[in-house]
């Protein structure tokens, strides 16, 4: 029975751990993307609801689960964070369009990250399979040595 | 690890150190690249906004209304500064990568010389 090079096992374990870490990072990114997508969708819903509201009274969260009643002065205009600490005033319709574009982009990005995770999962499975085979070979070699 | 020569052990420690430095540089560079991308995107979005658009910018912990051109200038300045930092980090990354490869080759060579020929 051929001996297994311990360096190969070590290398495979190293790759497995590295790929596992990469998968964790990508899964975190995917969660973040999904969170942003849901927030943008909720914002679109809020803008539309505000435009249709008659009294424009909302409950404004002030933290700690507490809310105050507030009246939206101008539901036709929305401040949109465009990134890099810059906020631009847009009409409700423009803001909805901007947010919907952002949702589309986030969906595409999510698909891309999911694809990368799947690719990594394939590699992890392949390495696990090779590692298992190497362990089995090492055990068989050990048993062969013990029996001889 | 006991039968690894002290010189190789030292090289391995150095290799780990270089690897950590490399990881720090790479993650810092990625962070700056992300910030630049976001700033560029903001410049593009702002470019499409009307000249008299109401624009706010974070100043410390508050948001202040600013002139669109002033915000654009500030964003472009930020992009320029970050790009300079990215270029500097790229140089550091290249140097560390070279050092890493050199050390890896040295360690590999030393271990191969030490390892008994297989099959004997």
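Protein chains in written order, with our numbering: chain A, 8 to 155; chain B, 2 to 121.
Positions of the beta carbon are idealized from the N, C-alpha and C atoms, including for glycine.
Being a predicted model, the structure only gives us computed values, none of them experimental.
- Residue contact check for residue 106(B) against chain A: no CB pair falls below 9 Å.
- Boundaries of the beta strand (DSSP E) harbouring residue 68(A): 64–70, taken from the DSSP string.
- Rounded to whole angstroms, the gap between the alpha carbons of residue 52(B) and residue 95(A) is 12 Å.
- Legend: CB atoms of the region 53–72 of chain B lying less than 8 Å from CB atoms of chain A belong to residues 54, 55, 56, 57, 58, 59, 64, 72.
- Less than 9 Å divides the Cβ of residue 42(B) from the Cβ of residue 91(A).
- Taking a C-beta distance under 9 Å as the contact criterion, residue 30(B) and residue 54(B) do not qualify as a contact pair.
- Residue 60(B) counts as exposed, since fewer than 16 other C-beta atoms from the protein chains shown sit within 10 angstroms of its C-beta.
- The DSSP-derived three-state label of residue 120(A) is helix.
- In the structure shown, residue 68(B) adopts coil according to DSSP, grouped into three states.
- The alpha-carbon separation between residue 96(B) and residue 11(B) amounts to approximately 20 Å.
- Not one beta carbon of chain B lies nearer than 9 Å to the beta carbon of residue 44(A).
- Residue-level contact check: residue 114(A) does not touch chain B, since none of the beta carbons of chain B fall below 9 Å from its beta carbon.
- Counting along the chain, the unbroken beta strand (DSSP E) around residue 96(A) starts and ends at 93–98.
- In summary, residue 21(A) is exposed, with fewer than 16 beta-carbon neighbours lying within 10 Å of its beta-carbon over all protein chains present.
- Buried is the label assigned to residue 58(B), since at least 16 other Cβ atoms lie within 10 Å of its Cβ.
- In this structure, the CA atom of residue 72(A) is about 21 Å from the CA atom of residue 63(A).
- Cβ atoms of residue 9(B) and residue 108(B) come within 8 Å of each other, at about 6 Å.
- In the three-state reduction of the DSSP assignment, residue 83(A) falls in the coil class.
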